[in-house]
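Peer 1: Counting in my numbering, the sequence shown runs from 3 upward without gaps. I am attaching a structure below and will ask some questions about it afterwards.
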Amino acid sequence: MRPRAFARLRTVGLPVHSLVVFLLSVASRLERKDCVPTTLSKKGDKNGQWFLRLSVDRFGDQLDITFVRLSRSDATLSAYDSREGTARLPLLRLTLEVELRSLGYEQPRKIYAVYYGGGSDTGECFGGSYPPSRVGNIAIAVVKRGTRCEEARNLVFSDGTHAIAVANLHEAFHTMGLVGRCAPHHNQESGGHVIDDPQDIMSASFPRALPLKFDAGRDDYYGHGNPACLDLASSPFLLPAPAVAELPPLWPVGAAQARACAEEASLRPEESAQRSGVVFDNMSNASIQLFQLTAQGRTLRDTLRPWIASYQGNVSVGSAWLAADASGNCLAIFVAQTSWTRASLRPRT
Ligand SMILES: [Zn+2]
Numbered sequence: 003m004r005p006r007a008f009a010r011l012r013t014v015g016l017p018v019h020s021l022v023v024f025l026l027s028v029a030s031r032l033e034r035k036d037c038v039p040t041t042l043s044k045k046g047d048k049n050g051q052w053f054l055r056l057s058v059d060r061f062g063d064q065l066d067i068t069f070v071r072l073s074r075s076d077a078t079l080s081a082y083d084s085r086e087g088t089a090r091l092p093l094l095r096l097t098l099e100v101e102l103r104s105l106g107y108e109q110p111r112k113i114y115a116v117y118y119g120g121g122s123d124t125g126e127c128f129g130g131s132y133p134p135s136r137v138g139n140i141a142i143a144v145v146k147r148g149t150r151c152e153e154a155r156n157l158v159f160s161d162g163t164h165a166i167a168v169a170n171l172h173e174a175f176h177t178m179g180l181v182g183r184c185a186p187h188h189n190q191e192s193g194g195h196v197i198d199d200p201q202d203i204m205s206a207s208f209p210r211a212l213p214l215k216f217d218a219g220r221d222d223y224y225g226h227g228n229p230a231c232l233d234l235a236s237s238p239f240l241l242p243a244p245a246v247a248e249l250p251p252l253w254p255v256g257a258a259q260a261r262a263c264a265e266e267a268s269l270r271p272e273e274s275a276q277r278s279g280v281v282f283d284n285m286s287n288a289s290i291q292l293f294q295l296t297a298q299g300r301t302l303r304d305t306l307r308p309w310i311a312s313y314q315g316n317v318s319v320g321s322a323w324l325a326a327d328a329s330g331n332c333l334a335i336f337v338a339q340t341s342w343t344r345a346s347l348r349p350r351t
């Protein structure tokens, strides 16, 4: 299914778009007020003076929300959220991102705030990317009733703000690259969080009650004035757009251009000192092999499960990558560019 076409008001800066993703069997009572808040005001600063306005997609005078039906069942999706050894792999977000990209939600200058109507009782309740460690465009909140995520789903702060909206905003901030590792109160054990105030919306243990604080002390992720560290105050996701806006690290991640398989024999790139990255999205129900082409020929780098992405970071600019089906038949070749790109992989039918 292709996304519905919306007439959108012109937005300034980069928009955050709310996507409500649910399955036919899940009755969703999600309302607009549950989605990404367009403003944050007077909830955090000790002087009650901070005011933040986000650029969001609008439909008329309302938040523009898209409803999406996925091709796979909740059971299939939740099975991605599994344990491997002692580490739980937060693959629900990753596989949702790949499927949403295949449906056309892949604009490289947009963040999609996703409210997923499924989810398992053991999997993640929230998730986001965190560039430059991990690039991506979706922030996810799991809203299924009857799971351990329900507590967060139902929490409403005393002023009426739905916690799930602020929590997904927390994930959207991660997806923008916040909190930077350079921040003085960065949580080294849990990347992207602050440790100086448990009421901060970017603390690892998300606050359960007001007051919410937003970069308490103004020294970690908003208005800190350190040009060497990412600052939300110069984010193009804000309104009004800052005079000098700074994209999240590694952004924008554009589409990788496929080269013909006939070039395999001639592509033997030399190692270059310049580094970059490519994300390979397996947009199919079959496994896909990913090879790097070197002087020796094909070297297997990864085998991609269905609907999962392979992140190849710190690769040589000009390096050549060949995607093949399980039998080794070439599907396409991609060459790493000076900036990160993202390749869509589909087997031949
Ligand atoms: Zn977090």
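Note that the Cβ used here is the ideal one computed from N, Cα and C, for glycine as well. A quick note: this is a predicted structure, and the numbers were derived from the prediction, not measured.
Smallest Cα separation from P133: which of R183, F208, P242, L269?
Peer 2: Within the sequence shown, the letter at position 131 stands for residue 133. When the alpha-carbon of P133 is set against those of R183, F208, P242, L269, the nearest one is in R183.
Peer 1: Buried or exposed, going by whether 16 or more other CB atoms sit within 10 Å of the CB of A334?
Peer 2: Indexing the sequence shown from 1 puts residue 334 at position 332. That one is buried.
Peer 1: List the residues that DSSP assigns as beta-bridge partners of S318.
Peer 2: Counting from one through the sequence shown, the residue named residue 318 turns up at place 316. According to DSSP, S318 bridges with R277.
Peer 1: Between the alpha carbons of S329 and T163, how many angstroms are there, rounded?
Peer 2: Within the sequence shown, the letter at position 327 stands for residue 329. Within the sequence shown, the letter at position 161 stands for residue 163. Our two residues, S329 and T163, have alpha carbons roughly 53 Å apart in a direct line.
Peer 1: Kindly indicate the opening and closing residues of the alpha helix (DSSP H) around I140.
Peer 2: Your numbering for residue 140 matches position 138 in the sequence shown. Taken as a continuous stretch (DSSP letters only), I140 belongs to no alpha helix (DSSP H), being part of the beta strand (DSSP E) at 140-144.
Peer 1: Could you spell out the range, first to last residue, of the beta strand (DSSP E) harbouring S192?
Peer 2: Translated into positions along the sequence shown, residue 192 becomes position 190. No beta strand (DSSP E) holds S192; DSSP gives it neither H nor E.
Peer 1: What are the boundary residues of the beta strand (DSSP E) that S346 is part of?
Peer 2: Within the sequence shown, residue 346 is the residue found at index 344, counting from 1. Here the beta strand (DSSP E) through S346 covers 343-347.
Peer 1: Report the residue from P250, N284, L234, Q291 whose alpha carbon sits nearest the alpha carbon of L56.
Peer 2: Numbered from 1 along the sequence shown, position 54 holds the residue referred to as residue 56. Ranking the options by Cα distance to L56, first place goes to L234.
Peer 1: In the DSSP assignment, find the alpha helix (DSSP H) that holds R95 and state where it starts and stops.
Peer 2: Along the sequence shown, one-based indexing puts residue 95 at 93. Its alpha helix (DSSP H) spans residues 93-104.
Peer 1: For I113, report the span of its beta strand (DSSP E) as first-last.
Peer 2: Here residue 113 corresponds to residue number 111 of the sequence shown, with the count starting at 1. It spans 113-118 - the beta strand (DSSP E) in which I113 sits, taken as one unbroken run.
Peer 1: I need the straight-line Cα distance from H172 to K215, nearest angstrom please.
Peer 2: Taking the first residue of the sequence shown as 1, we reach residue 172 at position 170. Taking the first residue of the sequence shown as 1, we reach residue 215 at position 213. About 12 Å.
Peer 1: Is it buried or exposed for D283, if we count other Cβ within 10 angstroms and need 16 for buried?
Peer 2: As a first step, residue 283 must be located in the sequence shown, where it is residue number 281. Counting the other Cβ atoms within 10 Å of the Cβ of D283 gives 16 or more, which makes it buried.
Peer 1: Between V168 and A247, what straight-line distance do the alpha-carbon atoms span, to the nearest angstrom?
Peer 2: On the sequence shown, residue 168 is found 166 positions in, with the first residue counted as 1. On the sequence shown, residue 247 is found 245 positions in, with the first residue counted as 1. Roughly 23 Å separates the two Cα atoms.
Peer 1: Would you tell me roughly how many angstroms separate the C-alpha atoms of Q339 and N316, rounded to the nearest one?
Peer 2: Position 337 of the sequence shown, counted from the first residue, corresponds to residue 339. Position 314 of the sequence shown, counted from the first residue, corresponds to residue 316. Q339 and N316: Cα-Cα distance of roughly 12 Å.
Peer 1: Taking C151 as the reference, give the member of D123, R270, V158 with the closest Cα.
Peer 2: The residue given as residue 151 occupies position 149 in the sequence shown. When each option's Cα is compared against that of C151, the closest is D123.
Peer 1: So E99 and L72 are in contact, right, with Cβ under 8 Å, and what is the actual spacing, rounded?
Peer 2: Locating residue 99 in the sequence shown gives position 97, counting from the first residue. Locating residue 72 in the sequence shown gives position 70, counting from the first residue. In fact, because the Cβ distance is near 12 Å, the residues do not count as touching under 8 Å.
Peer 1: Under 8 Å by Cβ, that's how I've got A154 and I113 pegged, so tell me the actual separation to the nearest angstrom.
Peer 2: Walking along the sequence shown from the start, residue 154 turns up at place 152. Walking along the sequence shown from the start, residue 113 turns up at place 111. Wrong, their Cβ atoms sit about 20 Å apart, outside the cutoff.
Peer 1: Kindly identify the DSSP beta-bridge partner or partners of D304.
Peer 2: In the sequence shown, the residue the question calls residue 304 occupies position 302. Note: D304 sits in a beta bridge opposite L292.
Peer 1: Over what stretch of residues does the alpha helix (DSSP H) that includes D175 continue unbroken?
Peer 2: Reading the sequence shown from its first residue, position 173 is the one you call residue 175. Here residue 175 is Phe; the residue named in the question, Asp, does not match the sequence. Residues 165-177.
Peer 1: How many Å lie between G125 and E272 at the Cα?
Peer 2: Translated into positions along the sequence shown, residue 125 becomes position 123. Translated into positions along the sequence shown, residue 272 becomes position 270. Each residue's alpha carbon lies about 42 Å from the other.
Peer 1: Assign P229 to buried or exposed, taking buried as 16 or more other Cβ atoms, counted over all protein chains shown, within 10 Å of its Cβ.
Peer 2: Translated into positions along the sequence shown, residue 229 becomes position 227. Per the 10 Å Cβ criterion, exposed.
Peer 1: Which residue wins for smallest C-alpha separation from A245, given the options L252, P251, S237?
Peer 2: For the purposes of this step, residue 245 is taken as the residue at position 243 of the sequence shown. Selected option, being the one with the closest Cα: S237.
Peer 1: Residue range of the beta strand (DSSP E) that L333 falls in?
Peer 2: In the sequence shown, residue 333 corresponds to position 331, counting from 1. Run containing L333: 332-337, per the beta strand (DSSP E) assignment.
Peer 1: Could you compute how far the alpha carbon of Y82 sits from the alpha carbon of G106?
Peer 2: Residue 82 sits at position 80 when you count from the first residue of the sequence shown. Residue 106 sits at position 104 when you count from the first residue of the sequence shown. If I take the Cα positions, the gap works out to 22 Å.
Peer 1: How many Å lie between A262 and A211 at the Cα?
Peer 2: Numbered from its first residue, the sequence shown carries residue 262 at position 260. Numbered from its first residue, the sequence shown carries residue 211 at position 209. If you take the alpha carbons of A262 and A211, they lie about 56 Å apart.
Peer 1: F336 and A258: beta carbons closer than 7 Å?
Peer 2: On the sequence shown, position 334 is the one that residue 336 refers to. On the sequence shown, position 256 is the one that residue 258 refers to. A258 sits close to F336, with the two beta carbons spaced by under 7 Å.
Peer 1: Quick one: using the 10 Å Cβ neighbour count with 16 as the cut-off for buried, is A356 buried or exposed?
Peer 2: As shown, the chain starts at 3 and ends at 351. That puts residue 356 outside it, with no answer to give.
Peer 1: Just list the residues that DSSP pairs H188 with in beta bridges.
Peer 2: In the sequence shown, residue 188 corresponds to position 186, counting from 1. Answer is V196.
Peer 1: Of all the options Q291, R270, S286, A243, which has the alpha carbon lying nearest to the alpha carbon of S318?
Peer 2: For the purposes of this step, residue 318 is identified with residue 316 of the sequence shown, where counting begins at 1. Here the closest residue by C-alpha is R270.
Peer 1: Going by DSSP, what residues sit across from L252 in a beta bridge?
Peer 2: Looking up residue 252 in the sequence shown gives position 250. Residue pairing of L252 in beta bridges, as defined by DSSP: absent, with no partner found.
Peer 1: Under the three-state reduction of DSSP, which class applies to D47: helix, strand or coil?
Peer 2: As a first step, residue 47 is located in the sequence shown; it is residue number 45 there, counting from the start. In this prediction, D47 scores a pLDDT of 44, lower than 50, which makes its location untrustworthy; the coordinate-derived value is nonetheless stated afterwards. In this structure, D47 counts as coil in the three-state DSSP scheme.
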